[in-house]
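Peer 1: Okay, so the sequence shown: first residue is 3 according to our numbering, each after it adds one.
Even glycine gets a Cβ: it sits at the ideal position worked out from N, Cα and C.
Sharing a structure with you now.
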Amino acid sequence: MKKYKGIALILMSLLNGVAWIYMALSTYISGNYSGTSFFVYIFVQILNIFGLIIPLFLAQQRKKELLASDTAPIYVDDDEYWKSGFYYNPNDTHLFVENRIQSGNYTLNYAKKGAWVFSGVTAALIIGCLIFVFAVLFPLINLNEEITLADNGILTISAGGYKNEISVDDITELKLLDELPDDSFLRTNGASTDSYDIGRYEGRTLGKCSLYVFDGYSPILMIKTDDTLVFVNSKENGEIEKLYEELNQ
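Here is the structure:
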């Protein structure tokens, strides 16, 4: 049963991966979601049903064959090795053992030092990941934008953990816009909500760029150098206009 369940899970994972990869590539190439892509995605996901049913059907057939070959009962009682729901058997050489409730899952033999080491490392990794995720998301939850123009001519724009430093001497084009250019911006690394678009993006026409844009606020300042393109606005009234005048001086 574990063998066929494993085959079913692998098939379902592969089909799900194919569906998502197709959708991602289709969206990247076309720049938006199309009806055809959506139906292909749904079709591949529906195939997941067969990826589950067929292996389980074969498993049941195999199970009947094995049970029919030997009908003698086998009695097993290992209550003494299950302490408070954990398996503890010093006489068992296995580190991983079948779960008592579900044979498709495995648990650890906590009579072995390796089980405690494995659990400790796993717990440390999970806690570390949670701390990392919190550290990444916290600046995006409490989003503060900072725009500074230093005396040495370095313009620094930062928000949500993303930063651009631009030398005023390298700027080749400045433009005030009422809204973002009519382009399809694909986020490659950043955050996009109903309130803002922050981080690294790629436009189908404009190419790679950085956005520090709050929705519903204008104007938007476009800053371009030979290798950098930045769009920035501000919630502070007049801040972008003032920056535009300073950069033009």
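Buried or exposed: which applies to Ile103, given that a residue is buried once 16 or more other Cβ atoms fall within 10 Å of its Cβ?
Peer 2: By one-based count along the sequence shown, residue 103 stands at place 101. Burial check for Ile103: the Cβ neighbour count within 10 Å stays below 16, so the residue is exposed.
Peer 1: Since Lys165 sits in a beta bridge, which residues does DSSP pair it with?
Peer 2: Residue numbering aside, residue 165 sits at position 163 when the sequence shown is read from its first letter. Answer is Ser160.
Peer 1: Inspect the beta-carbon positions of Thr227 and Ile173 and report whether they are closer than 8 Å.
Peer 2: As a working mapping, residue 227 is identified with position 225 in the sequence shown. As a working mapping, residue 173 is identified with position 171 in the sequence shown. In contact: Thr227 and Ile173 (Cβ atoms closer than 8 Å).
Peer 1: Measure the Cβ-Cβ separation of Leu151 and Glu241 and say whether it is below 8 Å.
Peer 2: Locating residue 151 in the sequence shown gives position 149, counting from the first residue. Locating residue 241 in the sequence shown gives position 239, counting from the first residue. Between Leu151 and Glu241, the gap from beta carbon to beta carbon reaches 8 Å or more.
Peer 1: Can you say whether Ile129 is buried or exposed, counting buried as having 16 or more other CB atoms within 10 angstroms of its CB?
Peer 2: Taking the first residue of the sequence shown as 1, we reach residue 129 at position 127. Exposed, by the Cβ-count rule.
Peer 1: Please confirm whether Asn111 and Leu132 have their CB atoms less than 8 Å apart.
Peer 2: Counted from its first residue, the sequence shown places residue 111 at position 109. Counted from its first residue, the sequence shown places residue 132 at position 130. No. Outside cutoff.
Peer 1: Determine the burial state of Phe140: buried for a count of at least 16 other Cβ atoms within 10 Å of its Cβ, exposed for fewer.
Peer 2: Position 138 of the sequence shown, counted from the first residue, corresponds to residue 140. It counts as exposed.
Peer 1: Comparing alpha-carbon positions, which option in Thr29, Tyr30, Ala21 and Leu58 lies nearest Ile48?
Peer 2: Along the sequence shown, one-based indexing puts residue 48 at 46. Comparing alpha carbon positions, the residue from Thr29, Tyr30, Ala21 and Leu58 closest to Ile48 is Ala21.
Peer 1: Skipping 5 residues on each side, what residues in its chain have a beta carbon closer than 7 Å to that of Lys54?
Peer 2: Counting from 1 along the sequence shown, the entry for residue 54 is found at position 52. The question names Lys, but residue 54 in the sequence shown is Leu. For Leu54, where only same-chain residues beyond five positions count, the Cβ hits under 7 Å are Ala10 and Met14.
Peer 1: Are the region 193-210 and the region 153-160 in contact at 8 Å, needing three or more beta carbon pairs?
Peer 2: For the pair of segments examined, the region 193-210 was found not to touch the region 153-160: the number of CB pairs separated by less than 8 Å stays below three.
Peer 1: Put Glu238 into one of helix, strand or coil per three-state DSSP.
Peer 2: Within the sequence shown, residue 238 is the residue found at index 236, counting from 1. Note: Glu238 maps to coil in three-state DSSP.
Peer 1: Out of Asp217, Leu179, Ala137 and Glu181, which has the shortest C-alpha to C-alpha gap to Thr195?
Peer 2: Here residue 195 refers to the residue found at position 193 when the sequence shown is read from its first residue. For the residues Asp217, Leu179, Ala137 and Glu181, the minimum Cα distance to Thr195 belongs to Asp217.
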